[in-house]
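Numbering (UniProt numbering), first residue to last: 1 to 596.
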C-alpha cells in the first residue's frame, strides 16, 4: 500500500526531539538573477539568462521564465539589464595580508601618465601630516605611462619637497628623497645592515636617492618607516578587499605574509563580524633562524596547531583555510627582476632544500608551493623532486611551482608527472619591456609558454601576484594573455602563444579552483557551485582587446550576498566605514586609477 506523507507548510509547527527543533524552510530561492548574458563555464550548458541561489549555492540555471518561477515572497530579485555575467575571479597567488598599510600608500596602478602620477604625489604631500611619509609601494610599471619612463630624482624631489618620500618599483629598486634617507639614518650607524639593500652613490660619494635590493630587503626596509595603528590596519584590509571586489574578485590565495596568526588578526576580526568579503586560502610562512620549513612545522604543530585543509572560518565554505606551507629558503629564491639577468641558484643547495626540508612536508602530508621563476633553476629542482619521490612519495600530495616564467616544455611534463601545478603571474605584462632589453624580443614572445602549458592540461592558474611585484588588477593579466601586449602596448607574446578569451578567463576561475581544492564548487555558474559571480561593466567577450584591461564589476556577489555594487547597482552595496587615516591617499585616489 502506497503511503502519502504530509507536506509541511512554512507555518506548520516542527517536530521536536528532546531539545532540538527542525523547521521546514519555505521553498523557493533566496536570490534570483535574470536578464543576464551569462557565461556559465559549464560545457554542458554554456549559456543561460538566469539562475537561482539557495543558502549560498546555485541550484538552478536556465531561462528567465523558468527561474523566476522559483521565487517566493522573500526572494531577492536582481535584473542584470542584459549585462555579461561570469563566475567571479579567484586569484590563486597574491599577498593580501601584507597590505596592512594599504591606506598609507599612493597607488599608481593603472595611472596612464607620469605627469599625473607626479601630481598625485605633490597633492598628497600637502595632505600628509608631519611624521608620516609619502609612499608608492609597487603595483606599477614605468611602461604603463605615456612617457614610457621612470621618474627622475629631480622630478620626485620637486613633487615632494616637504615629507620623506619612497617610490618603490616592484621589488627591483626604489627612489628616496633626502628627508627619507635622513629619517632612516642612511650612511650612519642608525641604519641597520640589510645587506641586500644598496644605495647608489655618485662619483663624489653622495647618495643619489636610488636604491637597489630584492624582495627580502624591501620587506625589511618597509618595517623601518612609520607603521599604521591597529584601527588603520583594519581599515586597510577593508579597502584592500573592496578594491578586489571592484574587479569581480571573491576568492584569493595568500601566498606568503608575516605568518599565522599575527598577519591574520584583522582578517579574523572581520570574519567574526561577517565583513570579510572574500574566501581566503593561505600557505603559511614562518621565519626561522635556521630552516623556515622547520619553523613552519613547529608553528602549525606546537604554537598554532592547524591541519592542512582545516577551515578557520566555518561560517563560509572555503572561508579561511590553511592550505599548507610556502616551501621557502632564502638561498633558494630566484628573485624575478627582469632588469637583470636571471638569478642562477646553486643546484646542490636546491637538492639539499628538497632532501632536508621539502621531504619533511611530504612526510607530514603538508601541501606546499615553491617559488621558482627560471627554467635553469626549475631543472635541478625537478631532478631533486624526482629523486625524493622514489623514497618519499608525493602520492597525490598537492604542490605547485609559482611563477615559472621561462619553464621549458620538457619541465612542464615533469611537473605534471609529479602531480604538481603551476601558478603563473602577469609580470611580463607589467615588465615585459625590461625583459626584452635584458634578453631579447624573441625570448619574450615565448615567455611563458602559455600555449604549451594550456595544451598540457597541467593544473594551471593565472594570478596577479599583487600588490607589489605586479598590479592586483586581474584584467591586466587577462588582457596580456589574450592580446599578447604589455601595458606599454609592446607585443610580448607571439600570436601562436596567446589564449582565447574563454581560456584566459578559465585560468582565473576553474583553473584557480584546483589550488583551493574547490574544482567541483567554484568557477562555474552551475548547480552545486558556490554563488560567487560578477556582473561586468562591459562585455568581456566582445569588447576590443585594448579595453579588456579596463573591465570592472558593477555587481559582485559572494556566497549569495552583494559585496560590491556600482552604477545601477550601487544601492545594493554594503556601506563602508570611513577610511583611516583621514589623510589617506586611498580616500582621494582610490586603490586603482579611476576607482574614485
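Virtual Cβ for every residue (Gly too), placed ideally from N, Cα, C. Since we're looking at a predicted model, the values are computed, not measured.
Residue burial classification, residue 341 (beta-carbon count within 10 angstroms, cutoff 16): As a position in the chain shown, residue 341 is number 341, starting the count at 1. So residue 341 counts as exposed.
Reference residue 403; option with closest CA among 333, 451, 437: Counted from its first residue, the chain shown places residue 403 at position 403. Nearest option by C-alpha distance: 333.
Selection from 210, 58, 251, 224 that minimises the alpha carbon distance to residue 95: Counted from its first residue, the chain shown places residue 95 at position 95. The shortest Cα separation from residue 95 among 210, 58, 251, 224 belongs to 251.
DSSP three-state assignment for residue 109, whether helix, strand or coil: Counting from one through the chain shown, the residue named residue 109 turns up at place 109. Three-state result, residue 109: coil.
Length-filtered (4 minimum) alpha helix (DSSP H) runs lying within the region 434-508: Within the region 434-508, the alpha helix (DSSP H) runs of at least 4 residues that lie entirely inside it are, in chain order, 441-444, 450-456, 474-483, 501-507.
Beta-carbon spacing of residue 428, residue 444 below 8 Å: Taking the first residue of the chain shown as position 1, residue 428 is located at position 428. Taking the first residue of the chain shown as position 1, residue 444 is located at position 444. It is a contact, given that the beta carbons lie within the stated cut-off.
Beta-bridge partners of residue 284, as assigned by DSSP: If you number the chain shown from 1, residue 284 lands on position 284. Note: residue 284 sits in a beta bridge opposite 325.
Close Cβ partners of residue 16 (< 7 Å) along its chain, the five nearest in sequence each way excluded: Counted from its first residue, the chain shown places residue 16 at position 16. With a pLDDT of only 41 at residue 16, under 50, the local geometry of the prediction cannot be trusted, and the value read off the model is given with reservation. The answer is none, since no qualifying residue turns up.
Other residues of its chain near residue 136: CB distance less than 6 Å, five sequence neighbours each side excluded: Here residue 136 refers to the residue found at position 136 when the chain shown is read from its first residue. 106, 108, 167.
Inter-residue spacing [alpha-carbon to alpha-carbon] between residue 331 and residue 214: Working through the chain shown from its first residue, we reach residue 331 at position 331. Working through the chain shown from its first residue, we reach residue 214 at position 214. Going from the Cα of residue 331 to the Cα of residue 214 covers about 12 Å.
Residue 323 versus residue 357: straight-line alpha-carbon distance, rounded: Counted from its first residue, the chain shown places residue 323 at position 323. Counted from its first residue, the chain shown places residue 357 at position 357. Taking the straight line joining both Cα atoms gives about 17 Å.
Residue 480 beta carbon less than 8 Å from that of residue 493: Looking up residue 493 in the chain shown gives position 493. Looking up residue 480 in the chain shown gives position 480. For residue 493 and residue 480, yes; Cβs fall inside 8 Å.
Residue 528 to residue 42 span [Cα, whole Å]: Reading the chain shown from its first residue, position 528 is the one you call residue 528. Reading the chain shown from its first residue, position 42 is the one you call residue 42. The straight-line gap from Cα to Cα measures roughly 12 Å.
Endpoints, beta strand (DSSP E) assigned at residue 554: For this step, residue 554 is matched to residue 554 along the chain shown. Taken as a continuous stretch (DSSP letters only), the beta strand (DSSP E) holding residue 554 covers 553-558.
Given residue 198 as reference, the closest of 418, 183, 172 once Cα atoms are compared: Here residue 198 is taken as the residue at index 198 of the chain shown, counted from 1. Of the listed residues, the one whose Cα sits closest to residue 198 is 172.
Contact under 8 Å by Cβ, residue 243 with residue 472: Here residue 243 refers to the residue found at position 243 of the chain shown. Here residue 472 refers to the residue found at position 472 of the chain shown. Yes, the Cβ-Cβ distance between residue 243 and residue 472 is below 8 Å.
Spatial distance of residue 121 from residue 557 (CA atoms): If you number the chain shown from 1, residue 121 lands on position 121. If you number the chain shown from 1, residue 557 lands on position 557. Cα-Cα distance, rounded: 34 Å.
Euclidean distance between Cα positions of residue 507 and residue 452: The sequence position of residue 507 within the chain shown is 507, counting from 1. The sequence position of residue 452 within the chain shown is 452, counting from 1. So the alpha carbons of these two residues sit roughly 14 Å apart.
Exposure label - residue 10; buried when at least 16 CB within 10 Å: Within the chain shown, residue 10 is the residue found at index 10, counting from 1. Note that residue 10 has pLDDT 37, beneath the 50 cutoff, so the model's placement of it is unreliable and no number is given.
Sequence-distant residues of its chain with Cβ nearer than 6 Å to residue 218 (five each side left out): In the chain shown, residue 218 corresponds to position 218, counting from 1. Within the same chain, residue 218 has close Cβ partners 171.
Enclosing alpha helix (DSSP H) for residue 233 [first to last residue]: Residue numbering aside, residue 233 sits at position 233 when the chain shown is read from its first letter. Taken as a continuous stretch (DSSP letters only), the alpha helix (DSSP H) holding residue 233 covers 230-246.
Coil, strand or helix - residue 224 by DSSP: What you label residue 224 is simply residue 224 of the chain shown in a count that begins at 1. Coil.
C-beta contact flag for residue 130 and residue 581 at 8 Å: Counting from one through the chain shown, the residue named residue 130 turns up at place 130. Counting from one through the chain shown, the residue named residue 581 turns up at place 581. Cβ atoms of residue 130 and residue 581: not closer than 8 Å.
Residue 568 (DSSP reduced to helix, strand or coil): For the purposes of this step, residue 568 is identified with residue 568 of the chain shown, where counting begins at 1. It is helical.
Beta carbon of residue 287 nearer than 8 Å to that of residue 299: If you number the chain shown from 1, residue 287 lands on position 287. If you number the chain shown from 1, residue 299 lands on position 299. For the 8 Å CB-CB criterion, residue 287 and residue 299 do not form a contact.
CB contact flag (residue 343, residue 397, <8 Å): Residue numbering aside, residue 343 sits at position 343 when the chain shown is read from its first letter. Residue numbering aside, residue 397 sits at position 397 when the chain shown is read from its first letter. The answer is no: Cβ separation not under 8 Å.
Member of 406, 28, 584 whose CA lies at the smallest distance from the CA of residue 450: As a first step, residue 450 must be located in the chain shown, where it is residue number 450. Residue 406 is the option with its Cα nearest to residue 450.
Local conformation of residue 330 per DSSP, three classes: The sequence position of residue 330 within the chain shown is 330, counting from 1. The answer is coil: DSSP assigns residue 330 none of H, G, I, E or B.
Exposure label - residue 201; buried when at least 16 CB within 10 Å: To locate residue 201, count along the chain shown from 1; it is residue 201. Classification of residue 201: exposed, given that the 10 Å Cβ count is below 16.
DSSP three-state assignment for residue 159, whether helix, strand or coil: Residue 159 sits at position 159 when you count from the first residue of the chain shown. Helix at residue 159.
Per DSSP, cross-strand counterpart(s) of residue 207: Here residue 207 refers to the residue found at position 207 of the chain shown. In the DSSP output, where bridge partners are listed per residue, residue 207 has 201.
Residue 414 (DSSP reduced to helix, strand or coil): As a working note, residue 414 is residue 414 in the chain shown. Correct three-state label for residue 414: helix.
Rounded C-alpha distance that separates residue 220 from residue 335: For the purposes of this step, residue 220 is taken as the residue at position 220 of the chain shown. For the purposes of this step, residue 335 is taken as the residue at position 335 of the chain shown. Cα to Cα, the separation comes out at about 15 Å.
C-alpha distance - residue 585 paired with residue 282, whole-angstrom precision: In the chain shown, counting from the first residue as 1, residue 585 sits at position 585. In the chain shown, counting from the first residue as 1, residue 282 sits at position 282. Using only the alpha carbons, I get a separation of about 28 Å.
Exposed unless 16 or more other CB atoms sit within 10 angstroms - verdict on residue 99: To locate residue 99, count along the chain shown from 1; it is residue 99. So residue 99 ends up on the buried side.
Anticipated Cβ contact below 8 Å, residue 284 with residue 319, distance rounded: Locating residue 284 in the chain shown gives position 284, counting from the first residue. Locating residue 319 in the chain shown gives position 319, counting from the first residue. About 17 Å; that fails the 8 Å criterion.
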